[in-house]
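What follows is one structure encoded as structure tokens, with my remarks underneath.
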Amino acid sequence: MNQPTSFCDQAWQNNLALFNATLELPFNQALANGTLPREVFQHYMIQDAHYLVAFGRALAIAAGKADDAEGLVQFAAASQEAVVAERELHQGFMQEYAISPEQFQSTPLSPACHHYCHFLQSMAWGRSYPVALAALLPCFWIYAEVGRDTLAKATPDHPYQSWIDTYAGEEFHAHVRAVRHTVDAVAAQADAKTIADMHTAYTDAARLEWMFWDSAYQLKTWPC
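Add 1 to the 1-based position in the sequence shown for the numbering used here, that's all there is to it.
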């Protein structure tokens with residue numbers, strides 16, 4: 002007898018074409034083969050640092066909605082890790098890729114980054130715990146799988162090896178597996194309407210992941 006499909010497995014299959022399109026984006030193709038222009042990577046890193054603060058806030062809000070102590074601890078810790086990662090970008094990646102504090106502070110959120118940040122925070126504040134988790138999941142999971150795909154394609158002496166090591170590493174993947182386990186456990190207790198809302202939230206966030214990378218490659222800013 003076949004085991005029922007978990008929420009995460011179903012969400013991944015439902016959005017597999019979108020994930021494959023994400024891998025095929027010019028940004029991710031150039032990142033993988035080491036030809037991504039430094040200017041583009043700098044732009045991406047600045048936007049990612051802005052994003053991580055908002056992501057951390059959304060995780061903290063979700064933690065406050067957790068219906069057990071384990072979820073509270075897990076997502077409160079994830080919130081802290083997101084903010085710590087943002088600080089490490091300043092001290093590590095940004096120094097490595099010659100992004101000054103002044104350049105970071107003077108660069109506003111791009112339209113895609115602004116949209117994604119506000120989407121996650123509105124979902125965390127305004128929706129139930131299960132739906133908030135579903136919206137947060139793509140950032141964890143898609144980054145891990147993009148990291149793994151990039152590692153498989155990367156050339157020796159890759160200019161962005163430190164980024165690859167971060168997101169293809171076992172520590173990050175173990176963290177993602179733990180988040181998926183929690184999302185599946187929460188979904189297993191949810192009613193059909195909540196499950197449907199979770200799938201919508203997951204897909205919307207996965208689309209915003211696509212938009213974030215596409216926007217970075219095009220160096221998009223506000224039109225006026």
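Don't be surprised by glycine CBs; every beta carbon is placed ideally from N, CA and C.
- According to the DSSP assignment, LEU32 belongs to the alpha helix (DSSP H) that extends over 27-34.
- Pairing LEU220 with THR201, the inter-Cα distance amounts to about 28 angstroms.
- For LEU209, the enclosing alpha helix (DSSP H) begins and ends at 193-218.
- At a Cβ-Cβ threshold of 8 angstroms, ALA22 and ALA136 do not count as neighbours.
- Boundaries of the alpha helix (DSSP H) around LYS66: 39-66.
- For PHE213, the closest alpha carbon among the candidates LEU73, PRO112, GLY35 and GLU97 is that of PRO112.
- Note that the region 119-130 touches the region 58-75; at least 3 beta-carbon pairs, one per stretch, sit closer than 8 angstroms.
- In the DSSP assignment, SER111 falls outside any alpha helix (DSSP H) and carries neither an H nor an E.
- If you draw a straight line from the Cα of ALA179 to the Cα of ALA12, it is about 16 angstroms long.
- In this chain, the alpha helix (DSSP H) harbouring PRO139 covers 130-154.
- ILE196 has its alpha-carbon roughly 9 angstroms from the corresponding atom of ALA189.
- Membership of TRP223 in any alpha helix (DSSP H) is not indicated, and neither H nor E is assigned to it by DSSP.
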